[in-house]
Amino acid sequence: MNYPVWQLGIPGGLLIALVAVTHVFVSHFAVGGGAFLVLTERRARAAGDVEMLGWIRRHSKFFALLTLVFGAVSGVGIWFTIGLVSPEATASLIHSFLWAWAIEWVFFFVEIAAAIIYYSTWDRLDAKAHMMIGWIYFWSAFMSLVVINGIITYMLTPGRWLQTHEFWDGFFNPTYLPSLFIRTAMCIVLAGVFGLITAMREPAELRARVVRLAGKWMLTGSVMLPLFGWWYFAKFPDFAKAYTGSAMTGIKHTIRGGIGFTALVLLMTLIFALWKPRWMRTPVVAVVVVFAFCMMASGEYLREFVRKPWVINGYIYANDVRVDSIEGYKAKGVFGNASWVTATDPQSVEYGHELFVLQCSKCHSVDGYRSMRLRVRNWDATFATNMLPHIELTRGTMPRFAGNEQDRAALGAYLGSLNPHPEIVRLNEASIDNVGKQVFETRCGSCHTIDGKVRPLKAAFAGSDAAQVEALLPALSSMSDNMPPFTGSELEAKALAHYAAMAANSQAGR
């Protein structure tokens, strides 16, 4: 909390994703596409295929413009956004892997120079020298991926680095190799996908041959992806594996999307690129590009999500708070420690808003993506304050709250102010089920389900009637240190008890 925070209209993590996913999509093409260029040039020269050689020359212009211009600009954009959103984590990555970054920048410089020389010297260098420049480009690009992969995977699986803080322990971490293989497979797929784009401008006969060639690359990479993906996920830490089997809607959709888009790319490759390449037209290519992008975006989203609540697993939380600073904030509070707090009254709602910006805005907005107003619907200030010490237990994705009692009260007051007029519970026989469900979702649903995968309560309430469940509510906080006290009204308690008893004792459960 030693850096100023620019609060955006969207959560900072979403801003990083918007820039990073498009950059990663093009940067992986930059790696696979380099090998595609040189291998296709060698094949065309060996066969004396003038038409194919002419196409790969034209393709190299598209390649250079896209990877060098967009790739370079979006790469700078990533540095800008991560420094803006997570300055503490960014500083840690720089300090921990300084020489890795320096080496990667050298590879990147060689990569840029080689790409420019390769594109501009088709008529000035002999074939052997020209292809040598292409190979220099490819290996520089691939080695850049090799280095970056070590840093990216360290963030999820730092391994022994947490104990030793040694460079190599963090770099060659448990997910390093499977991630490198899965990214290499993705590079091969995208080399073929982008080859389709420039092929559409060629005459029919040449277009069909290029499409078939691109399809072979896409098929090779697509077949490799599931195997390497399984290997990669097998190396996840236990808490991350739990997410992949959870009932979280976002995770389920992401996993299904990744599998589905991979299958669609593979199917379209078999039909339109290998079986009937003449059917490949611009609209079909556009669909293939979109599917390939969604395939990569699904993988990147899943990789980021399963790291929650961390930005660096076990070291820095997603809200940029270091683990070793939590106790200090709990003891002394944020007000006297955070360098950029401007509120003058540590008991005010304004101070609570600043705490929200510091600790919540990396992942949440007030009214937009991951809206906090919706998540604390019907929360009053007291309930919000009581929830904060247990916030990391809400589905396991939240960082621990960093602050003292005064900070909790201020942030609780702010969260309670987001919905100043909670819906009035109007209880009657017709509405008791709906009201009870609403109260359960408000008071219990952040941590529990009745009969789901997340801390189910069915067994605890099985055989109990509404009166017995209601009698338990005043004693909730004494049953577990992680359970906030029930602070709802008498009507809310009656409705909640009725709903919990009915749902827990129904045949199907809920």
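Its first residue numbered 36, the sequence shown is counted upward by one per residue in our numbering.
Just so it is clear, CB atoms sit at the ideal spot from N, CA and C, and this is done for glycine as well.
Under three-state DSSP, which class holds G48?
-> DSSP, reduced to helix, strand and coil, places G48 within a helical segment of the structure shown.
Would you list, in sequence order, the uninterrupted alpha helix (DSSP H) runs of no fewer than 4 residues that lie entirely inside the stretch 309-345?
-> You should have 317-340.
DSSP state of Y352 mapped onto helix, strand, coil | Note: Y352 maps to strand in three-state DSSP.
Where DSSP assigns a beta bridge to T484, which residues make up the other side?
-> T484 pairs with P491.
Take L119 and list the residues in its own chain whose beta-carbon comes closer than 8 Å to its own, dropping the five residues that flank it on each side.
-> Listed in chain order, the non-local C-beta contacts of L119 below 8 Å within the same chain comprise W41, G47 and L50, local neighbours out to five positions each way being set aside.
What span of residues does the alpha helix (DSSP H) with W174 cover, start to end?
-> In the DSSP assignment, W174 falls within the alpha helix (DSSP H) that extends over A162 to L191.
For G205 versus G194, is the C-beta spacing smaller than 8 Å?
-> Cβ distance < 8 Å, so G205 and G194 count as in contact.
Can you find at least 3 beta carbon pairs, one from the stretch 315-328 and one from the stretch 225-245, that sit closer than 8 Å?
-> Verdict: yes, contact present.
Mind the definition here: the stretch 435-452 touches the stretch 389-396 only if three or more C-beta pairs lie below 8 Å; say whether that holds.
-> Counting Cβ pairs under 8 Å, three or more are found: they touch.
Within the same chain, show all residues whose beta-carbon is closer than 8 Å to that of Y404, passing over the 5 residues directly before and after it, in chain order.
-> The answer, listed in chain order, is I45, P46 and L49.
Taking the continuous alpha helix (DSSP H) assigned at D204, which residues delimit it?
-> Segment F202 to F206, the alpha helix (DSSP H) holding D204.
For Y154, collect the residues of the same chain with a Cβ closer than 7 Å to its Cβ; drop the 5 residues on either side in sequence, then sort them by chain order.
-> Only S95, K96 and A99 meet the Cβ criterion.
Compute the beta-carbon to beta-carbon distance between W157 and H165, rounded to the nearest angstrom, for a pair I have assumed lies under 8 Å.
-> Their Cβ separation, rounded to whole angstroms, is 7 Å, which keeps W157 and H165 in contact under 8 Å.
First and last residue of the alpha helix (DSSP H) that includes C395?
-> In the DSSP assignment, C395 falls outside any alpha helix (DSSP H) and carries neither an H nor an E.
Under the assumption that G227 contacts G250 (Cβ atoms under 8 Å), give the Cβ distance between them as a whole number of angstroms.
-> Correct: roughly 6 Å between the Cβ atoms.
Between the CA atoms of G471 and L526 - distance to the nearest angstrom | Straight across, the Cα-Cα distance linking L526 with G471 is about 9 Å.
Going along the chain, which unbroken runs of the alpha helix (DSSP H) with 4 or more residues stay wholly within the stretch 71-103?
-> The stretch 71-103 contains these whole alpha helix (DSSP H) runs: 85-99.
G544, DSSP secondary structure in three states | Below a pLDDT of 50, predicted positions are generally treated as unreliable, and G544, at 45, falls in that range; no measurement from the model is reported.
Excluding five sequence neighbours on each side, which residues of the same chain lie with their C-beta closer than 6 Å to the C-beta of S62?
-> Excluding positions up to five away in sequence, the list reads G106.
Meets three-Cβ-pair contact criterion under 8 Å: the stretch 123-142 and the stretch 58-75 | As far as the Cβ criterion goes, the stretch 123-142 does not touch the stretch 58-75, which means the pair count is below three.
Closest residue to F496 among V504, V489 and R490 (Cα-Cα distance) = Check the Cα spacing between F496 and each of V504, V489 and R490: the tightest is with V504.
Buried or exposed (CB count within 10 angstroms, at least 16 for buried), A510 | The residue is exposed, with fewer than 16 neighbouring Cβ atoms inside 10 Å.
Beta-ladder partner(s) of I347, from DSSP = Paired residue(s): I351.
Beta-bridge partners of S406, as assigned by DSSP = Partner(s): S400.
What's the C-alpha gap between T429 and L191?
-> Computed Cα separation, rounded: 20 Å.
When we look at the beta-carbon of A176 and count the other beta-carbons within 10 Å, is it buried (16 or more) or exposed?
-> Buried, by the Cβ-count rule.
Determine, using beta-carbon pairs with one atom in the stretch 244-259 and one in the stretch 305-313, whether at least three such pairs fall under 8 Å.
-> Counting Cβ pairs under 8 Å, three or more are found: they touch.
Helix, strand or coil for R236, going by three-state DSSP, please let me know.
-> Of the three classes helix, strand and coil, the one that applies to R236 here is coil, per DSSP.
According to the Cβ coordinates, are E440 and P434 closer than 8 Å?
-> Taking 8 Å as the Cβ cut-off, E440 and P434 do not qualify as a contacting pair.
Quick one: using the 10 Å Cβ neighbour count with 16 as the cut-off for buried, is R338 buried or exposed?
-> Counting Cβ neighbours within 10 Å, R338 comes out buried, since at least 16 surround it.
Following the continuous alpha helix (DSSP H) through H288, name the residue where it begins and the one where it ends.
-> If you look at H288, you'll find it in the alpha helix (DSSP H) that goes T284 to M303.
If Y211 sits next to E123, beta carbons under 8 Å apart, how far is it from one beta carbon to the other, in whole angstroms?
-> At roughly 24 Å, the Cβ-Cβ gap does not stay under 8 Å, so Y211 and E123 are not in contact.
Identity of the residues DSSP links to R244 by a beta bridge = Partner(s): none; R244 has no beta bridge.
DSSP-derived helix/strand/coil call for D412 | It should be pointed out that residue 412 corresponds to Arg in this sequence rather than to Asp. In the three-state scheme derived from DSSP, where H, G and I count as helix and E and B as strand, R412 is classed as coil.
Short Cβ contact (8 Å threshold) for N354 with C395 = At a Cβ-Cβ threshold of 8 Å, N354 and C395 count as neighbours.
Which residues mark the beginning and the end of the alpha helix (DSSP H) in which E505 is found?
-> Note, E505: alpha helix (DSSP H), A501 to L507.
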